[in-house]
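Residue numbering for the sequence shown follows full-length UniProt numbering, starting at 1 and increasing by one per position.
Heads up, the beta-carbon is just placed ideally off N, CA and C, and yes, glycines get one too.
Only a predicted model underlies this, so the values are computations on that prediction, with no experimental measurement involved.
This report concerns only the one structure given below.
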Amino acid sequence: MSKVMVLDHPLIQHKVGVIRRKEVGSRDFRAIISEIAMLMCYEAARDLKLEDVEIETPICPAVVKELAGKKLAVVPILRAGLGMVDGILAMIPAAKVGHIGLYRDPETLKPVEYYCKLPSDCHEREIFVVDPMLATGGSASAAIQMLKDKGCRNIRFMCIIAAPEGVAKMQKDHPDVDIYIAALDEKLNDHGYIVPGLGDAGDRIFGTK
1 MSKVMVLDHP
11 LIQHKVGVIR
21 RKEVGSRDFR
31 AIISEIAMLM
41 CYEAARDLKL
51 EDVEIETPIC
61 PAVVKELAGK
71 KLAVVPILRA
81 GLGMVDGILA
91 MIPAAKVGHI
101 GLYRDPETLK
111 PVEYYCKLPS
121 DCHEREIFVV
131 DPMLATGGSA
141 SAAIQMLKDK
151 GCRNIRFMCI
161 IAAPEGVAKM
171 QKDHPDVDIY
181 IAALDEKLND
191 HGYIVPGLGD
201 AGDRIFGTK
């Protein structure tokens with residue numbers, strides 16, 4: 001079974017509390033989403049592999065640690081996942097970025113694919129799939145299945161707010177994918193929104209309704 005890690009660092013929890021407030025505007029919401037993603041990336045990347053590299057310091061030769069291979073990719077689920085990309089790239093600037101476009105049918109709540117563009121060597125990379133909200137889990141599960149169908153095997157999923165229903169679906173469909181969450185909320189309401197949640201993350205990031 002996949003690991004589910006709720007990242008309870010005080011800075012993460014404080015920033016999540018701020019973006020839950022309905023009066024927070026898009027500019028501040030975007031900035032804080034990016035900051036949370038950066039802090040989460042720090043934790044989610046804790047077990048990335050390192051290798052020894054010989055260098056010259058201004059004083060003498062030395063052996064230092066570097067990420068092994070640097071084969072990393074960030075794959076946001078459009079459109080809200082875009083809000084998390086810059087924060088992760090601030091920590092891992094060499095990562096490549098793919099995009100998966102899915103929207104949730106308002107009647108069936110099922111994911112519908114409309115776009116997929118990935119690095120050509122995505123199957124060789126450690127992949128961070130990102131989406132601020134894990135509600136029913138349908139979109140996240142479908143996106144990860146798309147990656148697996150293209151040969152990707154080293155996948156992690158990062159979200160800011162999750163519902164227990166979404167976590168359960170992800171663990172059922174993809175028990176090999178570890179899940180990193182900033183806040184695990186109470187439940188989904190009748191419209192498939194997370195309670196208490198923060199509303200529609202995409203609308204709040206981009207100032208749309």
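Counting along the chain, Ala-73 sits inside the beta strand (DSSP E) bounded by residues 72 to 78. Burial of Ser-139 is indicated by the presence of at least 16 other C-beta atoms within 10 angstroms of its C-beta. Nearest to Ile-179 by C-alpha distance, out of Asn-189, Ile-155, Ile-194, Asp-200, is Ile-155. Looking from the CA of Met-158, the closest CA among His-14, Glu-23, Arg-21, Glu-43 belongs to Glu-43. Judged by beta-carbon spacing, Val-129 lies beyond the 8 Å limit of Val-64, meaning their Cβ atoms are not closer than that value. Using a Cβ distance threshold of 8 Å, Asp-203 and Val-195 do not count as a contacting pair. His-191 and Arg-46 have their C-alpha atoms spaced approximately 36 Å apart. Secondary structure of Arg-20 (DSSP, three-state): helix.
Look at the region 26 to 65 and you find these whole runs of alpha helix (DSSP H), each 4 residues long or longer: 26 to 44. Of the other Cβ atoms in all chains shown, 16 or more fall within 10 Å of the Cβ of Met-40; this residue is therefore buried.
Ranking Thr-208, Cys-152, Val-167 by CA distance to the CA of Lys-71 puts Cys-152 first. Here DSSP, grouped into helix, strand and coil, assigns Ala-163 to coil. If you draw a straight line from the Cα of Leu-11 to the Cα of Thr-136, it is about 27 Å long. Per the Cβ contact rule, the region 116 to 135 is in contact with the region 95 to 105 (3 or more Cβ pairs under 8 Å). Shown here, Val-130 sits in a strand according to DSSP, grouped into three states.
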